[in-house]
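Take a look at the structure below.
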Amino acid sequence: MKQRINKMKKTFFFIVLMIFVKTISAQSPYISAPDPQNPKEHILNGIITKYALINDTTFKWYGSSQNIYAPSAENKTALANAATAGNFKLVIFGGTWCDDSHYILPKFFKLQEQADFPDAAVSLFAVDRNKKTIGGITDAFKITNVPTIIVMKDGKEVGRVVEYGKTGQWDKELVELLK
Numbered sequence: 076m077k078q079r080i081n082k083m084k085k086t087f088f089f090i091v092l093m094i095f096v097k098t099i100s101a102q103s104p105y106i107s108a109p110d111p112q113n114p115k116e117h118i119l120n121g122i123i124t125k126y127a128l129i130n131d132t133t134f135k136w137y138g139s140s141q142n143i144y145a146p147s148a149e150n151k152t153a154l155a156n157a158a159t160a161g162n163f164k165l166v167i168f169g170g171t172w173c174d175d176s177h178y179i180l181p182k183f184f185k186l187q188e189q190a191d192f193p194d195a196a197v198s199l200f201a202v203d204r205n206k207k208t209i210g211g212i213t214d215a216f217k218i219t220n221v222p223t224i225i226v227m228k229d230g231k232e233v234g235r236v237v238e239y240g241k242t243g244q245w246d247k248e249l250v251e252l253l254k
C-alpha cells in the first residue's frame with residue numbers, strides 16, 4: 076500500500092511538473108503594451124526578433140526606413156568577415172517607441188541580411204520608455220540610450236555603438252569594432 080501511495084505521489088508530481096514546464100514554455104519572451112504617449116501604437120518589451128518588427132503592421136517605420144538605406148560594400152564585407160570568423164555576437168537594445176531606433180534598427184538588419192550575418196548571432200531586446208526590459212537585462216548592460224549595439228567577441232564586450240555613434244556614422248563605427 077505504501078509503495079502504491081509513493082508511486083501515486085511521483086505520478087502526481089510528474090504531472091504537475093509537466094504542466095509547469097508547458098506553461099513556462101508557452102509564454103512569450105516579450106510583452107506588447109499600449110504606448111501611453113501614443114494610444115494608436117504599442118510598445119514591445121523583452122526579447123524579440125527582427126520578424127516581430129517586420130510582421131507587425133503598426134510598425135510601418137520599419138519598411139520605410141530600411142528602403143532608404145544602401146549598405147556600403149566595405150561595411151557588408153566587414154560584417155560578412157565577422158560572420159565567417161564565427162566568434163562575434165551582437166546584443167542590441169532598441170525601443171519601438173524611439174525615433175532613433177526607428178531610423179537605425181531597420182538599416183542594421185538590412186546590412187545584416189546583405190552580409191549574411193546569422194540571425195542566431197544577434198540578440199535583440201525591446202525596451203520600454205524607461206529603457207528597461209523584462210528581467211532587468213538593461214541594468215546588467217548599463218543601457219542608458221537606445222538603440223545600443225554591443226559587439227561581443229568570445230563572450231566579452233569589444234565595444235558598443237550608442238544611437239548614431241560618436242561620428243554620426245553608426246554603421247562604420249560598428250564594422251570598426253568587428254575588425
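Each residue of the sequence shown is one higher than the last, beginning at 76 in my numbering.
The beta-carbon is built from N, C-alpha and C at its ideal position, and this holds for glycine as well.
Through-space distance from P109 to G211, alpha-carbon basis: 20 Å
Tell me, to the nearest whole angstrom, how far the beta carbon of K241 is from that of V221; I am working on the premise that it is less than 8 Å. About 16 Å separates the two Cβ atoms, so there is no contact after all.
Proximal residues to D191 (C-beta, below 8 Å), its chain only, five neighbours per side dropped: A155 and A158
Where does the unbroken beta strand (DSSP E) through P109 begin, and where does it stop? Y105 to D110
With 16 other Cβ atoms within 10 Å as the buried cut-off, status of Q187: buried
Excluding sequence positions up to five away, which residues of its chain have a Cβ less than 7 Å from the Cβ of T133? E116 and H117
Leaving aside the five residues before and after D246 along the sequence, list all residues of the same chain whose C-beta is less than 8 Å from its C-beta, in chain order. P146, S147, N150, K182, F183 and L186
V250 - DSSP class collapsed to helix/strand/coil: helix
In three-state DSSP terms, what is E116? strand
CA-CA distance, S140 and Y178? 6 Å
When the Cβ atoms of the region 193-200 are set against those of the region 163-175, are three or more pairs found closer than 8 Å? yes
Between the alpha carbons of I224 and V237, how many angstroms are there, rounded? 6 Å
Measuring straight from C-alpha to C-alpha, what distance separates Y105 and T219? 20 Å
Output the boundary residues of the beta strand (DSSP E) element that contains I167. F163 to G169
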